[in-house]
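Okay, so here's the structure we're looking at.
Number of protein chains: 2
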Amino acid sequence: MLTLVTGAGGFIGRAVVEALARRLGPDERLRLADLTPFDAGGHERSTGDLADPERLDATLAGADRVIHLAALPGGASEAAPAASRRTNLDATLAMIERLAARERPVRLVYASSIAVLGDVLPVAGVDDSTPPRPAMTYGAHKLMAETALADFTRRGRIEGVALRLPGVVARPPGPSGLKSAFMSALFQALRDRQPMTLPVGPDATFWLISADAAADALVHGLDLPRAPDRALTLPALRVRADDLVAAVAARCGAPVDLVAYAPDPTIEVQFGRLPPLATPLADALGFRHDGDLERLVTRALARLEGTSS
Amino acid sequence: MLTLVTGAGGFIGRAVVEALARRLGPDERLRLADLTPFDAGGHERSTGDLADPERLDATLAGADRVIHLAALPGGASEAAPAASRRTNLDATLAMIERLAARERPVRLVYASSIAVLGDVLPVAGVDDSTPPRPAMTYGAHKLMAETALADFTRRGRIEGVALRLPGVVARPPGPSGLKSAFMSALFQALRDRQPMTLPVGPDATFWLISADAAADALVHGLDLPRAPDRALTLPALRVRADDLVAAVAARCGAPVDLVAYAPDPTIEVQFGRLPPLATPLADALGFRHDGDLERLVTRALARLEGTSS
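Which chain is which? The protein sequence lines are A and E, in order.
Everything in the first sequence is counted per my numbering, starting at 7 for the first residue and increasing by one.
Everything in the second sequence is counted per my numbering, starting at 7 for the first residue and increasing by one.
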């Protein structure tokens, strides 16, 4: 049994590889793919651009199931829509089509994003029947890939499981191409007792999970007995900015007044106005968020250990 | 002012060309494109496959606005998904990207379809907030193109107007590649006083407009002062099968018992279980269906004149 993870060198990818490695059976192998070289920890490694057909074929060869994380992030996609099309749409469609040509349908867990939902969300709350209306090119391409995956799954050619990830914290410092990077920067700043300014107000609301919870969800996607008939929005904790600041500060023993608020209306609309979230479909299939804010913060800070700002 | 119509040789295309030609100003020209040669009635003609980049460029050259009807229909797409991807997805994305490269945003009216909505519709009714869940490859590709069009429109690179067409009657006899061809065949049979069997029950419900109403809607899409921020489901008459049979029979002076009912569950689920439809967004923008069943039937039969079964 060979499990392929694309984007395996990234922040979520590394957590997925850890989760998979913990339960690896004697006849099971991992193949870890990413654009650039990374430490594959003794697992098989595939380095290169999946938009290159030869690289894609070599990466997929013999894989029995796939977690597809590789993507150009939201901010970078908005700045370069053609690059987003190549990586986030064309390469994903090519992967689906290659796998669909196999005799037996392959389980493909696809990391989609709440970016498919857009930024005009019902104030009363989002649930599984909220129509997606992407407000960024990243979300548009993710939605197009979700649509193709659902169609190949309907045709019985693949077992697609599209999971819409909420904000995942806390990423390591450095350029990520994410417009929502400030959420992770908050954890870094309070850990290092450095002042920081959030581009949202104290009453901003986020949907968050830890990288560990995201990894558990993606691995759970491999285990589902049947592919669901539509993309699943994953459960997430809905957290106010000031509550998040207080929880992270308390855990780090840092004063909350290190954090200032200077709301940027564009950022706030895109990332800081998340209404209540109900995810009955994902809940019923056993997907879980971190449980409570304290656990989320503890896990997020643990992932930051060993990194420096 | 050069207006391009793709799929201009088809059933809806011909009605669009008539509607445009009626109001053509002195400095206005039409370019009519289709896959195979057809009578362009003195207008400029472009023949060939828009999936061919050179043909696409030649067809788009100098066009100030576009109505894009060319498509592989639903039944043919389901039988040949790769051909649907080429025509319904790739060629449409290429058209959007070519037009988006222009200095000024071009108005592109895109003929989408209620097939994007799928076949698991809320019994209480469909409205503008019903999430699309295509149940055929045709609908999946139309939805992907809608998503791309909305994103380029949001970016200000194009003025996209995606209009979801309901069932359009009455097409001329002959192979159409449409799984819903029985709706048009009903008109032909009663006009010719021939017996026919519908693959749905008398209580089946359809959403219908005439080709004239469809053409009016597409031309109205050119005239909208601003591109809407999402795809629009067009208003349609919701009609029961037995009411439609009675209206067509009365208009033709034919007995209703020429029509038998032999429901095919697959067909009935896909085309014959349409719940109440509300289209407030399109209504507010001035889109209209035929008004009443009698008018729909009169117009549909008029389009059949000059054809034979």
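The beta carbon of each residue, even a glycine, is placed where N, CA and C say it ideally should be.
Since we're looking at a predicted model, the values are computed, not measured.
Asked: Own chain residues within Cβ distance below 6 Å of methionine 150 of chain A, not counting five before or after; Found: Leu95
Asked: Segment limits, beta strand (DSSP E) that includes aspartate 289 of chain A; Found: From DSSP, aspartate 289 of chain A is part of no beta strand (DSSP E) but of the alpha helix (DSSP H) over 286-290.
Asked: Any C-beta of chain A under 8 Å from that of serine 118 of chain E; Found: no
Asked: Distance between glycine 227 of chain E and glutamate 24 of chain E (C-alpha atoms, nearest Å); Found: 16 Å
Asked: C-beta neighbour in chain A for arginine 92 of chain E, strict 8 Å; Found: no
Asked: Contacting residues, own chain, Cβ-Cβ under 7 Å from arginine 71 of chain A (five flanking each side not counted); Found: Thr9, Val112, Arg113, Leu228
Asked: Supposed contact pair glycine 278 of chain E and phenylalanine 212 of chain E - C-beta distance, whole angstroms, cut 8 Å; Found: 7 Å
Asked: Those residues which DSSP pairs with aspartate 125 of chain E across a bridge; Found: Bridge partners of aspartate 125 of chain E: none, in fact.
Asked: In DSSP terms, what phenylalanine 212 of chain E is bridged to; Found: E/Val245
Asked: Nearest-angstrom Cα separation, counted from proline 286 of chain E out to leucine 99 of chain E; Found: 28 Å
Asked: Nearest-angstrom Cα separation, counted from proline 205 of chain A out to phenylalanine 188 of chain A; Found: 8 Å
Asked: Reduced DSSP secondary structure (H/G/I, E/B, other) of arginine 29 of chain E; Found: coil
Asked: Among A/Arg199, A/Ala288, A/Gln276, A/Pro269, nearest to alanine 256 of chain A - alpha-carbon criterion; Found: A/Arg199
Asked: Stretch-stretch touch, CB-based, cutoff 8 Å, three pairs: the region 235-250 of chain E with the region 46-54 of chain E; Found: no
Asked: Length of the line joining the Cα atoms of proline 172 of chain E and serine 119 of chain E; Found: 6 Å
Asked: Counted within 10 angstroms of its Cβ, other Cβ atoms place alanine 253 of chain E as buried (16 or more) or exposed; Found: buried
Asked: Ranges of the alpha helix (DSSP H) found wholly within the region 91-138 of chain A, counting only runs of at least 4; Found: 97-106
Asked: Chain A within 8 Å of threonine 136 of chain E, Cβ atoms only; Found: yes
Asked: Closer than 8 Å to chain E by CB, arginine 236 of chain A; Found: yes
Asked: DSSP bridge partner residues for threonine 153 of chain A (one or two, in chain order); Found: Threonine 153 of chain A pairs with nothing; no bridge assigned.
Asked: Cβ pair isoleucine 73 of chain A, valine 22 of chain A closer than 8 Å; Found: yes
Asked: Endpoints, beta strand (DSSP E) assigned at valine 72 of chain E; Found: 71-74
Asked: Presumed contact (8 Å Cβ cut-off) between leucine 302 of chain E and serine 216 of chain E, rounded CB distance; Found: 5 Å
Asked: Cα-Cα separation between arginine 245 of chain E and phenylalanine 17 of chain E, rounded to whole angstroms; Found: Residue 245 of chain E is actually valine in this sequence, not arginine. Whole-angstrom Cα-Cα distance: 21 Å.
Asked: Residues of the region 285-312 of chain A with Cβ closer than 7 Å to any Cβ of chain E, in chain order; Found: none
Asked: Min CB distance aspartate 157 of chain E to chain A below 8 Å; Found: yes
Asked: Close beta carbons around tyrosine 116 of chain E, own chain, < 6 Å, minus the five adjacent residues each side; Found: His74, Leu155, Ala168
Asked: Glycine 19 of chain E beta carbon less than 8 Å from that of lysine 185 of chain E; Found: no
Asked: Any non-hydrogen atom of the ligand MN closer than 7 Å to valine 174 of chain A Cβ; Found: Ligands in the displayed structure: none, and consequently the ligand MN is not present.
Asked: Any C-beta of chain E under 8 Å from that of arginine 108 of chain A; Found: no
Asked: Inter-residue spacing [alpha-carbon to alpha-carbon] between tyrosine 144 of chain A and glutamine 276 of chain A; Found: 13 Å
Asked: Delimiting residues of the beta strand (DSSP E) encompassing aspartate 11 of chain A; Found: The sequence given here places valine at residue 11 of chain A; aspartate does not occur at that position. From DSSP, the beta strand (DSSP E) with valine 11 of chain A extends over 8-12.
Asked: Neighbour flag for methionine 150 of chain E against chain A, beta carbons, 8 Å; Found: yes
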